[in-house]
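For reference, the structure discussed in these notes is given below.
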Amino acid sequence: MTERQTPRRQDAKTQGIDRRAFVTLGLGSGAAALLAACGWDGGTLVRPGLWSISRVNDWVGEKLLYSPTRLARTYPPSERSAALPSYFISRTVPMLGDPAAWRLRVDGLVAQPLELSLDDLMRMPRVSYTVKHHCVEGWSAIASWHGVPVSAIVEQVRPTKAARYISFVSFDADYANGWDMASALHPQTILAYGMNDNPLPAAHGAPLRLYSPTKLGYKLTKYLVSMTFMDQRPGGYWEDQGYPWFGGI
Amino acid sequence: MTATSAPTVRRHHWIVRLTHWATVIVLAGMIASGLQIYEAYARFGNRGGPYFVSLFDGAQFPHWSRLGGWLAGALNWHFALAWPLVAFGLLYLGYLVRSGEWRALLFRPRDVRGAIEMTKYYLHLRREHPPQGKHNPLQKLAYTGVIGLGALAVLTGFAVYKPTQLAWLTTLFGGFQAARYWHFWIVWIFVGFTIMHVILVFAVDPASLRAMLTGSYRGRFPSHD
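Here it is, written out as structure tokens:
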């Protein structure tokens, strides 16, 4: 046993010191950085790095883990949750002064910009499903939604080749979200005008909201006024504050 | 054999030492950011219930134990640290396989008998310490278990991260809220393991601490296997 070990010890010694110093230093500074960062989001020193890694995770989520055809599980309406929390960033429930005058503006990099009334949207193909809603906070709830698939709108406005993103904008203060085209074209991504077999309630984004079981709740813009096709990645209300941009689940 | 007369043996390869200490730091960061994330919805179950039975319903963990400051900050820490956690884990497992050291670590059916003998020794039903190799059978059981736990932590993490794209995985753990539940419980098993691990290092074999730092071991259990 001793004979076997002596040479091993020798070659470990020559490299061992540097390695040991390197490892100790690395771990020490790592621990110090972590301790210093405790209780906050990384500060000006670490936060940009964390945000860069978040972009890498967005890429992984969008390019590796996202399937444009995989459908989210659907449930029978009897499994609907007793409650689905709602929120908006305005001080009170955002309401339209004149609901009849409301139009959804579809513009940007498209061959045929459109202004669609609620009746126009209701005359288009209709999708309805009962799915689980996943909030970034960790809660979930099952509800039914019905509306027109975003893909049907895309067909009508015919985006140019340069269009890779859609910016969904609301009348709830400056709430907005940027979407990648692939997620927007998912068969379960809809502009919902109804919830649980009823017209969309004001608390949940009336008259029209984005819905998809492929994204976290904060990506599902409520109180829609426009969708704009863009070649640059649009920001969003929470995304600009540090929440993951892709938000796919 | 006393510690002073014990031979010095090379015990831990630098990969083992690096991944061990790196995992300590990264896992601490994962747990701390996880506790901050937990605060956003401190229960398990769909809105409106029913809820899983949990000791920590509605709990807010102390400020010093949380990392990230708010939900977005904590998520960014958690999803960033997940990379080194998996990378160090794979590096370690790769080393175990390549070096053959998994043999000294993996608890197998033939270790059951030895595990019973070790348990008897600890319960003072047996006077002398049973002969052992690098690790005794109870250590093998603990280390095999904690490596499996690490794998479960990662898998339940993915189940919570992508419940639609990885629906098969989420379903395997019983659904989104159940996956959150297991992901959370794994934390406490890790914490329990770590407390026992540190106690045993100091109470039974303090020389093993030096071995995990420098690679050289000079203590009660010098044999290799």
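Residue numbers (this note's numbering), protein chains in the order written: chain C, 3 to 251; chain D, 1282 to 1506. Glycine included, C-beta positions come from ideal geometry on N, C-alpha and C. Bear in mind the structure is a predicted one, so any value in this text is a computation, not a measurement.
Check whether chain C comes within 8 Å of D:G1350, counting only Cβ atoms and requiring the distance to be less than that.
Translated into positions along the second sequence, residue 1350 of chain D becomes position 69. Chain C, which has a Cβ nearer than 8 Å to the Cβ of D:G1350, makes this yes.
Give me whichever residues DSSP pairs with C:D242 in a beta bridge.
Residue numbering aside, residue 242 of chain C sits at position 240 when the first sequence is read from its first letter. According to DSSP, C:D242 bridges with nothing at all.
Taking 8 Å as the threshold (beta carbon to beta carbon), is D:Y1498 in contact with chain C?
Numbered from its first residue, the second sequence carries residue 1498 of chain D at position 217. It does not; no Cβ of chain C falls within 8 Å.
For the alpha helix (DSSP H) containing D:Y1276, list its first residue and its last residue.
Nothing about residue 1276 of chain D can be read from this structure; chain D reaches only from 1282 to 1506.
Along chain C, in chain order, which residues have C-beta atoms closer than 7 Å to that of D:P1444?
As a working mapping, residue 1444 of chain D is identified with position 163 in the second sequence. Within chain C, the residues near D:P1444 are H136 and I251.
Between which two residues does the beta strand (DSSP E) holding C:K221 run?
Taking the first residue of the first sequence as 1, we reach residue 221 of chain C at position 219. C:K221 -> no beta strand (DSSP E), and no H or E assigned at all.
Kindly indicate which three-state DSSP category D:I1467 falls into: helix, strand or coil?
As a position in the second sequence, residue 1467 of chain D is number 186, starting the count at 1. Helix, per DSSP.
Taking beta-carbon pairs under 8 Å, can you tell me which members of the stretch 1306-1325 of chain D lie near chain C?
Flagged, chain order: I1306, A1309, G1310, A1313, I1318, Y1319, A1321 and Y1322.
Check the Cβ of C:R75 against every Cβ in chain D and list those closer than 7 Å, keeping chain order.
One-based indexing of the first sequence puts residue 75 of chain C at position 73. Result: A1448.
Taking Cβ positions only, does D:R1292 come closer than 8 Å to chain C?
In the second sequence, residue 1292 of chain D corresponds to position 11, counting from 1. It does not; no Cβ of chain C falls within 8 Å.
In the structure shown, what three-state DSSP assignment does C:K150 receive?
In the first sequence, the residue the question calls residue 150 of chain C occupies position 148. According to the sequence provided, residue 150 of chain C is Val. The question's Lys does not apply to it. Here C:V150 sits in strand by DSSP.
For D:S1489, which residues from the same chain have a beta carbon less than 6 Å from its beta carbon, with the 5 sequence-adjacent residues on both sides left out?
Taking the second sequence and counting its residues from 1, one reaches residue 1489 of chain D at position 208. Excluding residues within five positions, the ones whose Cβ falls inside 6 Å are V1482.
Given that a residue counts as buried once 16 or more other Cβ atoms are within 10 Å of its Cβ, and exposed if not, what is C:K224?
Numbered from 1 along the first sequence, position 222 holds the residue referred to as residue 224 of chain C. With 16 or more other Cβ atoms within 10 Å, it is buried.
Measuring only the C-alpha atoms, how far is C:Q7 from D:G1438?
For the purposes of this step, residue 7 of chain C is identified with residue 5 of the first sequence, where counting begins at 1. For the purposes of this step, residue 1438 of chain D is identified with residue 157 of the second sequence, where counting begins at 1. Caution is warranted here: a pLDDT of 36 is assigned to C:Q7, below 50, making its placement in the model unreliable, and no coordinate value can be reported.
Once DSSP output is grouped into helix, strand and coil, what is the label at D:V1305?
For the purposes of this step, residue 1305 of chain D is identified with residue 24 of the second sequence, where counting begins at 1. If DSSP states are grouped into helix, strand and coil, D:V1305 belongs with the helices.
Just to confirm before moving on: does the CB-CB distance between D:S1504 and D:K1415 stay below 8 Å?
If you number the second sequence from 1, residue 1504 of chain D lands on position 223. If you number the second sequence from 1, residue 1415 of chain D lands on position 134. Yes.
Mind checking C:I91: buried by the 16 CB within 10 Å criterion, or exposed?
Taking the first sequence and counting its residues from 1, one reaches residue 91 of chain C at position 89. Counting Cβ neighbours within 10 Å, C:I91 comes out exposed, since fewer than 16 surround it.
Using 8 Å as the Cβ pair cut-off and three pairs as the minimum, do the stretch 231-241 of chain C and the stretch 179-188 of chain C touch?
Yes: at least three Cβ pairs fall under 8 Å.
I need the straight-line Cα distance from D:I1312 to C:G250, nearest angstrom please.
The count along the second sequence starts at 1 and reaches residue 1312 of chain D at position 31. The count along the first sequence starts at 1 and reaches residue 250 of chain C at position 248. Roughly 23 Å between the two C-alpha positions.
Just by C-beta distance, which residues in the stretch 159-185 of chain C are closer than 9 Å to chain D?
So nothing in the stretch comes that close.
List the residues of chain C whose Cβ lies closer than 9 Å to the Cβ of D:G1354, in chain order.
Position 73 of the second sequence, counting from 1, holds the residue named residue 1354 of chain D. Near D:G1354 (Cβ distances below 9 Å), the residues of chain C are W42, D43, G44, R49, L52 and G244.
Anything in chain C within Cβ reach of D:G1329, meaning under 8 Å, just list it in chain order.
Locating residue 1329 of chain D in the second sequence gives position 48, counting from the first residue. Within chain C, the residues near D:G1329 are S83, A84, A85 and A143.
Here's the rule I'm using: 16 or more other beta-carbon atoms within 10 Å means buried, otherwise exposed. How should C:L66 be labelled?
What you label residue 66 of chain C is simply residue 64 of the first sequence in a count that begins at 1. That one is exposed.
When you compare only the Cα positions, how much space is there between D:G1395 and D:A1484?
Looking up residue 1395 of chain D in the second sequence gives position 114. Looking up residue 1484 of chain D in the second sequence gives position 203. Approximately 21 Å, taken between the alpha carbons.
Contact between the stretch 136-154 of chain C and the stretch 187-194 of chain C is defined here as three or more beta-carbon pairs at a separation below 8 Å; is this criterion met?
As far as the Cβ criterion goes, the stretch 136-154 of chain C touches the stretch 187-194 of chain C, which means the pair count is three or higher.
Indicate whether at least one CB of chain C lies closer than 8 Å to the CB of D:F1369.
Stepping through the second sequence from its first residue, residue 1369 of chain D is reached at position 88. No, D:F1369 does not count as interfacial toward chain C.
From the DSSP secondary-structure annotation, give me the bridge partner or partners of C:Y167.
Sequence index remark: in the first sequence, residue 167 of chain C carries index 165 (1-based). Answer is C:D182 and C:M232.
Quick check on DSSP: helix, strand or coil for D:K1415?
Counting from 1 along the second sequence, the entry for residue 1415 of chain D is found at position 134. Here D:K1415 sits in coil by DSSP.
Taking the alpha-carbon positions, what's the D:R1499 to D:H1294 distance?
Counted from its first residue, the second sequence places residue 1499 of chain D at position 218. Counted from its first residue, the second sequence places residue 1294 of chain D at position 13. Distance between the alpha carbons of D:R1499 and D:H1294: 15 Å.
Thinking C-beta only, is C:A194 closer than 8 Å to C:Y213?
As a working mapping, residue 213 of chain C is identified with position 211 in the first sequence. As a working mapping, residue 194 of chain C is identified with position 192 in the first sequence. Cβ distance < 8 Å, so C:Y213 and C:A194 count as in contact.
So is D:F1342 in contact with chain C if we call contact Cβ pairs under 8 Å?
Residue mapping note: residue 1342 of chain D aligns to position 61 of the second sequence, counting from 1. Cβ-Cβ to chain C under 8 Å: no for D:F1342.
Pull up the distance between the alpha-carbon of D:G1329 and that of C:S88, whole angstroms please.
If you number the second sequence from 1, residue 1329 of chain D lands on position 48. If you number the first sequence from 1, residue 88 of chain C lands on position 86. Computed Cα separation, rounded: 14 Å.
Would you mind telling me which residues of chain C sit closer than 9 Å to D:Q1413, beta carbon to beta carbon, in chain order?
Locating residue 1413 of chain D in the second sequence gives position 132, where the first residue counts as 1. Residues of chain C passing the Cβ test: none, with the nearest at roughly 15 Å.
For C:H135, report the span of its alpha helix (DSSP H) as first-last.
Counted from its first residue, the first sequence places residue 135 of chain C at position 133. Segment V129 to H136 is the beta strand (DSSP E) holding C:H135; no alpha helix (DSSP H) there.
Give me the chain D residues within the contact set of C:Y68, using Cβ-Cβ distance strictly less than 7 Å, ordered along the chain.
Numbered from 1 along the first sequence, position 66 holds the residue referred to as residue 68 of chain C. Per Cβ cutoff of 7 Å: Q1446.
List, in order along the chain, the chain C residues whose C-beta lies closer than 8 Å to that of D:K1457?
As a first step, residue 1457 of chain D must be located in the second sequence, where it is residue number 176. Per the sequence presented here, residue 1457 of chain D reads as Phe, with Lys not at that position. The contacting residues are K134, H136 and S142.
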